[in-house]
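Read the structure below first, then the notes.
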Amino acid sequence: MNLKLVAKRLIFLVVVIWAASTIVFFIPRLSSRNALRERFGELARTGGFSPADLEKIIASMQQQFGLDRPLYEQYWTYLGNILRLDFGYSLYRYPTTVTELIAQSLPWTIGLLLVTTILAFVIGNFLGAVAAWPRAPGWMRGIATPFILLTGVPPVIMGILLLFFVGFRWKLLPLGGAYSVGTVPTFSIGFILDLLQHQILPGLALVLGSVGGWVLSMRGMGVTIQGEDYVNFAEHKGLTAGRIFRDYYLRNAMLPQITGLALALGSVVTSAIIVEGLFGLPGIGTMLNLAIRSNDFPTIYGIVLFITIAVAVLMTAVEFLYPLLDPRVRNS
Amino acid sequence: MEATLVRNAPAGAPRRAVADPVLTVRNLEVTYYTDSGRAKALDDVSFTLNAGEKLGMVGESGSGKSTLALAMMRMIKPPGRIEGGAVVVGGADLMALDAEGMRKARLSRIAYIPQGAMNSLNPVMRIGAQMVDAVRSHLPSEPKAAVEARCKRALQSVDLDAGVFRMYAHELSGGMKQRVCIAIGILLDPYVIIADEPTSALDVVTQRQVMETIDNVQKAINAAVILIGHDMGLMAQFVDKVAVMYAGRLVEVSTVREMFTDPKHPYSQALISSLPSLDNKGVFQGIPGLAPSLLRLPSGCAFHPRCDKAMGICSTLRPEPLTLASGRRVTCHLYDGAA
Chain A
348 MNLKLVAKRL IFLVVVIWAA STIVFFIPRL SSRNALRERF GELARTGGFS PADLEKIIAS
408 MQQQFGLDRP LYEQYWTYLG NILRLDFGYS LYRYPTTVTE LIAQSLPWTI GLLLVTTILA
468 FVIGNFLGAV AAWPRAPGWM RGIATPFILL TGVPPVIMGI LLLFFVGFRW KLLPLGGAYS
528 VGTVPTFSIG FILDLLQHQI LPGLALVLGS VGGWVLSMRG MGVTIQGEDY VNFAEHKGLT
588 AGRIFRDYYL RNAMLPQITG LALALGSVVT SAIIVEGLFG LPGIGTMLNL AIRSNDFPTI
648 YGIVLFITIA VAVLMTAVEF LYPLLDPRVR NS
Chain B
463 MEATLVRNAP AGAPRRAVAD PVLTVRNLEV TYYTDSGRAK ALDDVSFTLN AGEKLGMVGE
523 SGSGKSTLAL AMMRMIKPPG RIEGGAVVVG GADLMALDAE GMRKARLSRI AYIPQGAMNS
583 LNPVMRIGAQ MVDAVRSHLP SEPKAAVEAR CKRALQSVDL DAGVFRMYAH ELSGGMKQRV
643 CIAIGILLDP YVIIADEPTS ALDVVTQRQV METIDNVQKA INAAVILIGH DMGLMAQFVD
703 KVAVMYAGRL VEVSTVREMF TDPKHPYSQA LISSLPSLDN KGVFQGIPGL APSLLRLPSG
763 CAFHPRCDKA MGICSTLRPE PLTLASGRRV TCHLYDGAA
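For the record, the sequence lines run as chains A and B.
Numbered according to the working numbering, the first sequence spans residues 348 to 679.
Numbered according to the working numbering, the second sequence spans residues 463 to 801.
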């Protein structure tokens, strides 16, 4: 691959991360609210220490967090911390760091998001490709239709419907949580099965709604590609239908879909936050939700920044994938 | 039957002798079922071709040239349908094969060099991979090295560097892409090669080179070639026989010399006289009227409304193909004594 292109993309990635960090740094400082004051004010109301002590505590905390120093100095320290993925302490769960909180909840989110995004992408693109392929049997081309109908249903509604019917009415699957109450996480088959069982409904809520989008865009692409001269010529060459489908049709129709995947990554996070909350999964979304409700500003900003960086990195990774798939962009 | 469909002779080796004619097309009929009615795109087309012979297929747009090529490959897509007829290539009737048999016959018995060579190569696969998969799908047992050697030989026989094997389509010029398509066409030494306007998107210098390439490779493997095109001048230099199509019918088949000096069918005559020549510079004679719509063909002979020799019978009775004393074939009432 072209080194210049790689360098350009990497520099762009750094700029994006820097811009996101800067915004996340300045936004709270524009606000008149003081996270420390609010947190300790709350404690003072419930915990009973005097207002005089409160001011002292806040002052010492300000000093400890470096909030009393000039803004540019704070900014420099902050940027340095970001480089080490240090997002500071959680106010609510002090002295747990935000990084620790993210590390705890990240596996849950990655497990759900990665699997559902890839699943929806693979299923949707395959069904879309088949739907546009004139030689596919009719029933195979029809499978795509119900998914297209489901495209309009947001993951929240889908999640509630699934919970109500599958979980509540028919009692086929658990109603929520990451694993059954009372079990201790171990590496046993029983626990893993239990865990997977709890992931089915949230997974379905995310997959069912997004497959249709891939089907639609892939079907559109497929209709164009199957009329291309090289697909025709492949048939003139006497290739088997399977080979034409895979190497000549699917490979070419997939190219714009890869770009689509990069773009979709951003919105996937949003749906995941909602679905995690709905099903009570201890992922990043739930963590963010909790932090917002408890005015845990460092955690909110840490998670937002982390998600921004993660999505930017993933998008860049997908972009690097593209030249591997399409030789025409390698040289340009 | 299956075993004879794929011939294992390595490219370049002397071909197995085949009985002439190597290609017999008999009463081939294709109909397109459109919303506004049935269009007979090929009507009772018959001709034969010997090994090593080159036939030029000419006619206006919509006269059925490309449909004929696709029908011979059995690549007519709905709403089109092959209604009947036979295409016998090297002794086997392609119309009688099952789908898998026909797949194997493509490229190995009858090869097609496409019209749009610019886009006929897969942009995301190397040229080599697109040649190898063609060979592999016909000769699955040929060793890898032999397949590769066969492909590189084919590239060299169309005057391309063997290095093209490692390249992608976007790294080649238009002429080179067309050569690659020709190289693919001859990979399995087919009996018949159909080249559908192989030079249409190329400049005149490249056109000539590509035609010479086709000429050379067909001599090397002694294949029968059908050259479809509009360019009568280019045809005249390369083909042995010329077939003229009009509204889905073959109206005349003659040797190239006879066609240019003494065309028999009034449509052929009009075609030839519409060509610019050194003698009548600047004065071109067009053919009056337009090609008829296949949905509403004139009664009798489809050409009679535009024909300057039309007789009473021409508008009522459809002429049948005749073989003249000289061996030429023409479909016209002028020669059947009906007048």
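Built from N, CA and C at the ideal position, the CB exists for glycine as well.
Small disclaimer: the values here were computed from a predicted structure and weren't measured.
Going by DSSP, what residues sit across from residue i in a beta bridge?
i                     : result
residue 654 (chain B) : B:572 and B:686
residue 543 (chain B) : B:493
residue 714 (chain B) : B:706 and B:792
residue 507 (chain B) : B:490
residue 649 (chain B) : Partner(s): none; residue 649 (chain B) has no beta bridge.
residue 500 (chain B) : B:495
residue 433 (chain A) : According to DSSP, which records beta bridges pairwise, residue 433 (chain A) is partnered with nothing at all.
residue 555 (chain B) : B:550
So residue i and residue j are in contact, right, with Cβ under 8 Å, and what is the actual spacing, rounded?
i                     : j                     : result
residue 535 (chain B) : residue 574 (chain B) : 5 Å
residue 649 (chain A) : residue 434 (chain A) : 3 Å
residue 620 (chain B) : residue 598 (chain B) : Not really, about 20 Å apart at Cβ, beyond 8 Å.
residue 531 (chain B) : residue 658 (chain B) : 5 Å
residue 570 (chain A) : residue 591 (chain A) : About 16 Å; that fails the 8 Å criterion.
residue 552 (chain A) : residue 505 (chain A) : 5 Å
residue 490 (chain B) : residue 549 (chain B) : 7 Å
residue 635 (chain A) : residue 621 (chain A) : Residue 635 (chain A) to residue 621 (chain A), Cβ: 11 Å. No contact.
Following the continuous alpha helix (DSSP H) through residue i, name the residue where it begins and the one where it ends.
i                     : result
residue 464 (chain A) : 445 to 479
residue 648 (chain A) : 644 to 672
residue 552 (chain A) : 536 to 573
residue 369 (chain A) : 350 to 377
residue 394 (chain A) : 382 to 394
residue 613 (chain A) : 598 to 626
residue 626 (chain B) : Segment: none, residue 626 (chain B) is in no alpha helix (DSSP H) and carries neither H nor E.
residue 509 (chain A) : 502 to 509
residue 612 (chain B) : 606 to 619
residue 524 (chain A) : Run containing residue 524 (chain A): none; DSSP gives neither H nor E here.
residue 634 (chain A) : 631 to 640
residue 427 (chain A) : 418 to 430
residue 700 (chain B) : 694 to 700
residue 411 (chain A) : 398 to 411
residue 488 (chain A) : 485 to 489
residue 595 (chain B) : 589 to 598
residue 579 (chain A) : 576 to 583
Does the distance from the CB of residue i to the CB of residue j come in under 8 Å?
i                     : j                     : result
residue 557 (chain A) : residue 475 (chain A) : no
residue 613 (chain A) : residue 624 (chain A) : no
residue 781 (chain B) : residue 769 (chain B) : no
residue 585 (chain A) : residue 463 (chain A) : no
residue 757 (chain B) : residue 499 (chain B) : yes
residue 696 (chain B) : residue 661 (chain B) : yes
residue 637 (chain B) : residue 679 (chain B) : no
residue 567 (chain B) : residue 556 (chain B) : yes
residue 545 (chain B) : residue 492 (chain B) : yes
residue 728 (chain B) : residue 794 (chain B) : yes
residue 643 (chain A) : residue 437 (chain A) : yes
residue 518 (chain B) : residue 689 (chain B) : yes
residue 546 (chain A) : residue 459 (chain A) : yes
residue 789 (chain B) : residue 502 (chain B) : no
residue 616 (chain B) : residue 653 (chain B) : no
residue 555 (chain A) : residue 513 (chain A) : no
residue 646 (chain B) : residue 608 (chain B) : no
residue 645 (chain A) : residue 445 (chain A) : yes
residue 632 (chain B) : residue 585 (chain B) : yes
Could you please give the first and the last residue of the uninterrupted beta strand (DSSP E) stretch that includes residue i?
i                     : result
residue 720 (chain B) : Taken as a continuous stretch (DSSP letters only), residue 720 (chain B) belongs to no beta strand (DSSP E), being part of the alpha helix (DSSP H) at 718 to 723.
residue 516 (chain B) : 516 to 520
Buried or exposed, going by whether 16 or more other CB atoms sit within 10 Å of the CB of residue i?
i                     : result
residue 521 (chain A) : buried
residue 367 (chain A) : buried
residue 487 (chain A) : exposed
residue 471 (chain B) : Unreliable placement is indicated for residue 471 (chain B), whose pLDDT of 44 sits below 50; the coordinate value is still reported in the next sentence. Classification of residue 471 (chain B): exposed, given that the 10 Å Cβ count is below 16.
residue 361 (chain A) : exposed
residue 625 (chain B) : exposed
residue 574 (chain A) : exposed
residue 666 (chain B) : exposed
residue 730 (chain B) : buried
residue 521 (chain B) : buried
residue 566 (chain A) : buried
residue 692 (chain B) : exposed
residue 561 (chain A) : buried
residue 706 (chain B) : buried
Just checking residue i against the ligand FAD - is the residue's beta carbon closer than 7 Å to any of the ligand's heavy atoms?
i                     : result
residue 596 (chain B) : With respect to the ligand FAD, the structure shown offers nothing to examine, as it has no ligands at all.
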